[in-house]
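To start, the structure under review is shown below, and the notes come after it.
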Ligand code: F6R
């Protein structure tokens, strides 16, 4: 949600921090700030607004080679200058930036107030700052002070701390909110997301929960909350700055939608085995016997990741004939789930840092569950927590709404389903059929993208509706859910998704000329049933936009996409809905890449 950047080295920190914050703006952005150590004092600027506003507020003579920066998405206290980070103590010695939520902030605040501390802001972070400032006086070491202060804290945090008395040193800590260290040439960086680092270095180290690090220009060391040193292996990230440029597109969202022929090809690369018509998935870390032993598959993820998991569950059940279902990770983790030894659990996350999904994985691991991860961000917390899995290789998603990660996740599920199916009973002929279908996807996505102008016209026509219904049957239902999700999150048009079969059990009462329906109607064994549903909507004067493989008289408008193997069709049917939501949002003048109230990675509960 919020973003953290830190730098120590020979250069001026402020421009590096501002550049890093710009890269993180997509995570959350109601205010921004930075602080640097200059001589033996702190300089600090923070503003309500965007990083560009902060850049204007930072004077040219803002010198200091060690600093921390933050973009904030308000949790404790309204967006304002004073609630923005960094937070400083009264003596202006300690500055702290923080992501996450301190759950016992009220109790700590009362205790500190009782000891004479006065607070300027409403934030939980300021509590942390005063705690560290008091502790640092009792010990000669900043890292020891941070470590001891954190002992009284309950909640989640990723923090970066500087001390005016210790120029050239930054202390960072992680518990439930990501912190990545970046290793440069005689300089060190830290951030909440590699996006802020890739311009400067590709050598990174992820902190684990409960770990702290001290950064100096010549290196770093890491240790646990009980002061035991830890050893870390750096690894190289393969995302570069080009991924974070908009490539001449008006919006990152359109760029990421348009990238899908390539991103799907990357997800597939090297994973289709033409000899045995199976998927090569070395990262699963399971032999054929183990892979055969599962009697159920349970998929968890949040939001769009969960909807892609629904597509995945259907693929696994259809191809591998293993009972499979998907559930929101945010629900799963709270209901004390029964964890079975012969169930394969699959966690999905683009960012690999979604707190609810991470907590669900941790609960599964605690109960001895076998968990695979389908994750985009290499080395992220969920990827590290899982027993094995698949990386999407879709490249970073910058726009808040997920598009290319969604399709790559669905494609990954097709590969996983093929793999599970071919070690069981799927025939080589059916295996070949699916392999050939998968190979066709990038080219077919290319064809769908060419429908952009047509979809734009339709989006402009329907965007004025106050609300829209999205319906689909069986394979079409998760597609309808994702279509409704995309529309509401970026255009703010209310949209509701329903199984087409359920319309007559209630929501049909809503249908009228004012409430258009987007109907997902693939050419599958349920086509006739879907056409009957269209007739029912039509009979209530409902307008219909049909997404399918043919046109139909009952529909007012149609988008016809290329046909693939029936099991794979949902992947392609999603793409016109992404374009539809995008153009509807543009037509309504929305901030497409940064929709209100949303942030890219939800690293809090
Ligand atoms: C919707 C969207 C969200 C995410 C969800 C999970 O467009 O982006 O619903 O899918 O917050 O995020 P990840 O996949 O990072 O775990």
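Numbering (UniProt numbering), first residue to last: 1 to 605. Quick reminder that beta carbons are idealized off the backbone N, C-alpha and C, glycines included. On a predicted model such as this, the values are computed, not experimentally measured, just so you know.
Identify which residue in the options has its Cα closest to the Cα of residue i.
i: residue 173; options: 150, 56, 401 and 229; result: 150
i: residue 148; options: 86, 128 and 342; result: 128
i: residue 115; options: 524, 131, 356 and 339; result: 131
i: residue 226; options: 219, 236 and 213; result: 213
i: residue 521; options: 306, 515, 505 and 544; result: 544
i: residue 339; options: 277, 295 and 97; result: 295
i: residue 502; options: 533, 315 and 408; result: 533
i: residue 193; options: 202, 185 and 187; result: 202
i: residue 552; options: 563, 531, 562 and 568; result: 531
i: residue 441; options: 556, 341 and 567; result: 567
i: residue 316; options: 444, 334, 411 and 505; result: 411
i: residue 77; options: 55, 60, 121 and 89; result: 121
i: residue 277; options: 602, 432 and 3; result: 432
i: residue 161; options: 110, 100, 206 and 94; result: 94
i: residue 279; options: 156, 189, 439 and 299; result: 439
i: residue 602; options: 55, 176 and 41; result: 176
i: residue 335; options: 75, 342 and 327; result: 327
i: residue 478; options: 515, 572, 509 and 265; result: 572
i: residue 157; options: 43, 269, 462 and 100; result: 100
i: residue 21; options: 144, 169 and 244; result: 244
i: residue 185; options: 216, 498, 356 and 271; result: 216
i: residue 19; options: 112, 605, 191 and 596; result: 191
i: residue 59; options: 265, 79 and 36; result: 36
Which class does residue i belong to by DSSP, given the choice of helix, strand or coil?
i: residue 332; result: helix
i: residue 297; result: strand
i: residue 137; result: coil
i: residue 203; result: strand
i: residue 63; result: coil
i: residue 558; result: strand
i: residue 171; result: strand
i: residue 269; result: coil
i: residue 470; result: strand
i: residue 596; result: coil
i: residue 119; result: coil
i: residue 5; result: strand
i: residue 461; result: helix
i: residue 97; result: strand
i: residue 250; result: coil
i: residue 72; result: strand
i: residue 42; result: strand
i: residue 192; result: coil
i: residue 342; result: coil
i: residue 237; result: coil
i: residue 225; result: coil
i: residue 177; result: coil
i: residue 125; result: helix
Alpha helix (DSSP H) containing residue i: first to last residue?
i: residue 412; result: 404-422
i: residue 538; result: 527-539
i: residue 85; result: No alpha helix (DSSP H) contains residue 85, which DSSP labels as neither H nor E.
i: residue 481; result: 476-491
i: residue 438; result: 428-449
From what residue to what residue does the beta strand (DSSP E) around residue i run?
i: residue 586; result: No beta strand (DSSP E) contains residue 586, which is instead part of the alpha helix (DSSP H) from 569-587.
i: residue 391; result: 388-391
i: residue 372; result: 370-375
i: residue 156; result: From DSSP, residue 156 is part of no beta strand (DSSP E); its letter is neither H nor E.
i: residue 357; result: Where residue 357 is concerned, there is no enclosing beta strand (DSSP E), although the alpha helix (DSSP H) it sits in stretches over 355-366.
i: residue 499; result: 494-499
i: residue 216; result: 211-216
i: residue 551; result: No beta strand (DSSP E) contains residue 551, which DSSP labels as neither H nor E.
i: residue 181; result: 180-183
i: residue 400; result: Where residue 400 is concerned, there is no enclosing beta strand (DSSP E), given that its DSSP letter is neither H nor E.
i: residue 311; result: Note, residue 311: premise wrong, no beta strand (DSSP E); alpha helix (DSSP H) at 304-320.
Counting pairs of beta carbons, one from the stretch 585-592 and one from the stretch 356-374, are three or more of them closer than 8 Å? no
Tell me whether the stretch 392-399 and the stretch 417-437 touch, counting them as touching only if at least three CB pairs, one residue from each stretch, are closer than 8 Å. no
Does the pairing of the stretch 27-37 with the stretch 46-53 give three or more beta-carbon distances under 8 Å? yes
Contact between the stretch 455-462 and the stretch 575-587 (3+ Cβ pairs under 8 Å): yes
Would you say the stretch 133-143 touches the stretch 1-19, given that touching needs at least three Cβ pairs under 8 Å? no
Are the stretch 313-325 and the stretch 421-439 touching, with three or more C-beta to C-beta distances below 8 Å? yes
Can you find at least 3 beta carbon pairs, one from the stretch 431-450 and one from the stretch 342-351, that sit closer than 8 Å? no
Decide yes or no for the touch test of the stretch 84-101 against the stretch 65-72: beta carbon pairs closer than 8 Å, at least 3 of them. yes
Are there three or more Cβ pairs, one per stretch, closer than 8 Å when the stretch 462-477 is compared with the stretch 281-301? no
Looking at C-beta atoms only, is the number of pairs between the stretch 190-199 and the stretch 105-122 that lie closer than 8 Å three or more? no
Inter-stretch contact at 8 Å, needing at least 3 Cβ pairs: the stretch 234-248 / the stretch 376-386: yes
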